[in-house]
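Remarks on the structure that follows.
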Amino acid sequence: MSREEEILAIVSEKKKIEVNELSALLNVSKVTIRKDLDKLEARGLLHRQHGYALLNNLDDINYRLAQNYDQKRKIALEASKIVNDGEVIMIESGSTCALLAEELAFNRNDITIITNSCFIASYVRKAESVKVILLGGEYQKESQVNVGPLVKQVINEFYVDKLFVGIDGFDVRRGFTGSDITRCDTTRTLATAANQTIVLTDSSKFSQNGLVSEFGFSEISKVFTDKHINREALAFLEKEKISVFTA
């Protein structure tokens with residue numbers, strides 16, 4: 019785990035911590051910690067305030083990105099292995115999806131990302147070799163994603179091999195679930211323009227149950243998660259003929 023990832027883990031646990039305490043915990047100078055915090059704040063992963071480092075608003079996608087960051091980063095790296103240079107892919111909004119977009123944008127050549135996530139478009143904007151096609155729609159401020167009928171109008175112009183999506187929960191009866199009905203409806207629309215839909219999620223989501231049914235198990239080809247996925251969920255997914263990759 020890098021020092022920046024250690025900082026995120028500590029701030030995620032404590033919610034708010036003094037810079038001096040971070041310096042002592044990690045055994046580095048306050049100058050070094052401040053430089054690390056500057057980088058993390060520039061990426062939107064945390065805030066600085068009067069000598070403290072603190073988490074973002076709980077409803078903000080930046081907050082979700084900071085939660086279990088190390089695991090999500092490993093999942094994104096594992097998922098990136100199935101994307102080749104020159105490929106056109108679709109990525110829906112989500113914290114692990116954003117890290118996948120970052121990995122592809124900066125470490126692949128000539129990748130095209132079609133997305134409805136304004137956050138992802140901004141997150142990879144400095145990468146030189148990536149092309150981003152941003153789908154328009156009604157803008158949801160906290161998740162920084164475009165949703166609704168306008169997305170449906172334009173999605174018919176595209177077809178890709180892979181769509182990567184995040185989830186908010188899992189239910190053996192209802193399938194993969196989400197927390198926002200409009201976003202779930204939009205994600206299902208994106209799936210009509212892809213040969214295969216691939217879930218990226220940390221293992222904590224397998225013990226949560228979202229409000230809205232998003233995808234049935236037959237609609238998902240692969241799941242990328244971390245090694246802490248519970249055995250019951252893993253066995254169930256494999257029984258449903260979904261390929262599971264753990265990082």
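So for the sequence shown, our numbering puts the first residue at 19; every next one is plus one. All residues carry an ideal CB built from backbone N, CA and C; glycine is no exception.
Per DSSP, what are the beta-bridge partners of HIS65 in this structure? One-based indexing of the sequence shown puts residue 65 at position 47. Looking at the DSSP assignment, HIS65 forms a beta bridge with LEU72.
How far does the alpha helix (DSSP H) with ASN125 in it reach, from first residue to last? In the sequence shown, counting from the first residue as 1, residue 125 sits at position 107. Following the DSSP letters along the chain, one finds ASN125 inside the alpha helix (DSSP H) bounded by residues 113-125.
Rounding to the nearest angstrom, what Cα-Cα distance links LEU40 and LYS34 in this structure? As a first step, residue 40 must be located in the sequence shown, where it is residue number 22. As a first step, residue 34 must be located in the sequence shown, where it is residue number 16. When rounded, the separation of the alpha-carbon atoms in LEU40 and LYS34 is 10 Å.
Could you tell me whether the segment 118-136 touches the segment 88-96, where touching means 3 or more Cβ pairs closer than 8 Å? Because the criterion of three Cβ pairs below 8 Å is met, the segment 118-136 and the segment 88-96 touch.
Proximity of SER161 and SER111 at Cβ, strictly below 8 Å: For the purposes of this step, residue 161 is taken as the residue at position 143 of the sequence shown. For the purposes of this step, residue 111 is taken as the residue at position 93 of the sequence shown. It is a contact, given that the beta carbons lie within the stated cut-off.
With a cut-off of 8 Å on the beta carbons, I'd call ILE185 and THR207 a contact; round off their distance for me. Along the sequence shown, one-based indexing puts residue 185 at 167. Along the sequence shown, one-based indexing puts residue 207 at 189. Between ILE185 and THR207 a beta carbon distance of about 16 Å is seen, past the 8 Å cut, so the two are scored as non-contacting.
Just reading off the alpha helix (DSSP H) that ASN38 is part of, what are its end residues? Within the sequence shown, the letter at position 20 stands for residue 38. Element bounds for ASN38: 37-44.
Identify the continuous beta strand (DSSP E) that holds PHE224 and give its terminal residues. For this step, residue 224 is matched to residue 206 along the sequence shown. Looking at the DSSP string, PHE224 is not in any beta strand (DSSP E), and its letter there is neither H nor E.
So GLY187 and THR195 are supposed to be a Cβ contact under 8 Å. How far apart are they, rounded? Stepping through the sequence shown from its first residue, residue 187 is reached at position 169. Stepping through the sequence shown from its first residue, residue 195 is reached at position 177. Contact between GLY187 and THR195 holds, with the beta-carbon distance rounding to 4 Å and staying under 8 Å.
Which listed residue (PRO167, CYS136 and ILE107) has its alpha carbon closest to that of VAL177: Within the sequence shown, residue 177 is the residue found at index 159, counting from 1. Checking the sequence, you will find Tyr at residue 177 rather than Val. With distances taken between Cα atoms, TYR177 lies closest to ILE107.
In whole angstroms, give me the CA-to-CA distance for ASN134 and LYS170. Numbered from 1 along the sequence shown, position 116 holds the residue referred to as residue 134. Numbered from 1 along the sequence shown, position 152 holds the residue referred to as residue 170. Between the C-alpha atoms of ASN134 and LYS170 there is a straight-line separation of about 11 Å.
With a CB to CB cut of under 6 Å and the five nearest residues on each side skipped, what residues in its chain are close to THR130? One-based indexing of the sequence shown puts residue 130 at position 112. Answer for THR130: VAL106 and LYS149, listed in chain order.
Using the C-alpha atoms, what's the distance from ILE51 back to VAL37? The residue given as residue 37 occupies position 19 in the sequence shown. The residue given as residue 51 occupies position 33 in the sequence shown. For VAL37 and ILE51, the distance between alpha carbons rounds to 7 Å.
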